[in-house]
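Remarks on the structure that follows.
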Amino acid sequence: MASRGVSPAIFGKEGTRVLQNRSLDGRNRIYVDLDDVLAETARMFLDLLEREFGRRVEYEAVVAYDLGRSLDLDQDELDEFMVAVHRSEALLSIKPMQGAIDALEVWVEAGYIIEVVTGRPTMTAEVSQEWLDTAGVPHDALTFVDKYAWKKNVFAGNSALPLHELPESGYCLAVEDSASVASRLAMHMDAAVVLIDKPWNRDELVENDHEEGRITRCMDWEDISERFCLP
Ligand SMILES: [Mg+2]
87 MASRGVSPAI
97 FGKEGTRVLQ
107 NRSLDGRNRI
117 YVDLDDVLAE
127 TARMFLDLLE
137 REFGRRVEYE
147 AVVAYDLGRS
157 LDLDQDELDE
167 FMVAVHRSEA
177 LLSIKPMQGA
187 IDALEVWVEA
197 GYIIEVVTGR
207 PTMTAEVSQE
217 WLDTAGVPHD
227 ALTFVDKYAW
237 KKNVFAGNSA
247 LPLHELPESG
257 YCLAVEDSAS
267 VASRLAMHMD
277 AAVVLIDKPW
287 NRDELVENDH
297 EEGRITRCMD
307 WEDISERFCL
317 P
């Protein structure tokens with residue numbers, strides 16, 4: 087249990103004390119990713135790409151998690167694009183994903199703790215919290231985890247929690263859209279892991295994860311709710 091070092095990366099409504107106490111019994115906590123799980127982030131990315139970069143890419147054509155590849159941007163363009171999509175007004179314009187809020191409300195009603203675990207750079211903490219509140223996403227905490235090694239690019243200095251410091255037995259379920267993060271979670275945690283189906287994760291799952299039954303691909307939030315009504 088990696089409670090040590092957790093608190094600096096947690097921005098909880100109830101504060102870190104409550105979350106850490108709850109993590110002692112642990113098993114009622116659900117990890118829910120933010121972008122492209124709770125929020126239609128990729129659709130905002132594509133709208134902004136067309137509006138500000140004059141390039142139109144269809145949603146179904148985003149077949150790689152690597153945006154440089156999927157959007158055909160070189161490193162300088164990609165850096166500029168990443169700064170643009172992380173502006174507050176861009177992040178606040180993202181629509182909630184259909185069915186997500188209803189599904190979370192059912193879990194909350196059943197006594198589960200919802201922890202939004204995002205790989206966004208920590209500089210977006212305030213605007214990310216504002217988005218969750220404005221959208222009415224029920225949650226107990228917002229945690230920043232270094233899923234994508236931001237230090238290698240324009241968001242150097244990011245102070246998010248390393249993924250391996252998430253508690254191994256702290257969650258009963260994790261919901262992700264990144265196949266590589268889902269695989270790492272399945273290896274690190276004893277939680278069930280849901281991979282929500284997206285064009286960019288269809289070819290990317292490690293077969294062993296399926297064999298161990300740790301990762302379940304779900305088509306959308308309705309599908310998740312049906313399969314994990316009481317995780
Ligand atoms: Mg995501």
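Residue 87 is where the sequence shown starts when you use the working numbering, and the numbers rise one by one after that. Each residue gets a CB set at the ideal place from its N, CA and C atoms; glycine is no exception. Since the structure is predicted, the reported quantities are computational estimates derived from the model, not experimental observations.
Own chain, CB closer than 6 Å to residue i, minus 5 neighbours either side, in chain order
| i | result |
| --- | --- |
| L120 | V202 and T204 |
| S174 | V213 |
| S311 | A189 |
| Y117 | E201, V203, Y257 and A260 |
| E163 | none |
| T302 | V280 |
| A186 | L124 and W307 |
heavy atom of ligand 2 below 7 Å from residue i C-beta
| i | result |
| --- | --- |
| R303 | Judged by which ligands are present, ligand 2 is missing from the structure shown, whose ligands are ligand 1. |
Residue i (DSSP reduced to helix, strand or coil)
| i | result |
| --- | --- |
| G112 | Note that G112 scores 48 on pLDDT, short of 50, meaning its location in the model is unreliable; the coordinates nonetheless yield the value given after this. If DSSP states are grouped into helix, strand and coil, G112 belongs with coil. |
| A260 | strand |
| Y145 | helix |
| R288 | coil |
| E323 | Residue 323 lies beyond the stretch modelled for the chain, which goes from 87 to 317, so this question has no answer here. |
| L228 | strand |
| A278 | strand |
| I301 | strand |
| L178 | helix |
| A125 | strand |
| Q106 | With a pLDDT of 33 at Q106, under the threshold of 50, the modelled position of that residue is not reliable, and the figure given next carries that caveat. If DSSP states are grouped into helix, strand and coil, Q106 belongs with the helices. |
| L159 | coil |
| L153 | helix |
| V118 | strand |
| L247 | strand |
| Q215 | helix |
| S139 | Per the sequence shown, the amino acid found at residue 139 is Phe instead of Ser. Residue state, collapsed to three classes: helix. |
| M183 | coil |
| V223 | coil |
| A196 | coil |
| E254 | coil |
| R206 | coil |
Residues of its chain near residue i, where Cβ-Cβ distance is below 8 Å and the 5 sequence neighbours each way are ignored
| i | result |
| --- | --- |
| L146 | The question names Leu, yet the displayed sequence has Glu at residue 146. Closer than 8 Å at the Cβ level, and outside the excluded window around E146, lie P285. |
| E138 | A170 |
| H225 | K99, V118, L190, I200, E201, V202 and L218 |
| Q161 | G154 |
| V192 | S311 and C315 |
Test: residue i CB closer than 8 Å to a CB of chain D
| i | result |
| --- | --- |
| D160 | Of the protein chains in the structure, only one exists, and it is not chain D. |
Proximal residues to residue i (C-beta, below 7 Å), its chain only, five neighbours per side dropped
| i | result |
| --- | --- |
| C304 | V280, I282, D283, I310 and R313 |
| V148 | A128, S156, P285 and W286 |
| R270 | L249 |
| A268 | E262, V279, L281 and I301 |
Quick one, what's near ligand 1 if you take every residue whose CB is closer than 5 Å to any heavy atom, in chain order? D119, D121, D122 and D263
Three or more C-beta pairs closer than 8 Å, one from the segment 212 to 223 and one from the segment 171 to 180: is that the case here? yes
Would you check if the segment 134 to 154 and the segment 163 to 177 touch, i.e. whether three or more CB-CB distances between them fall below 8 Å? yes
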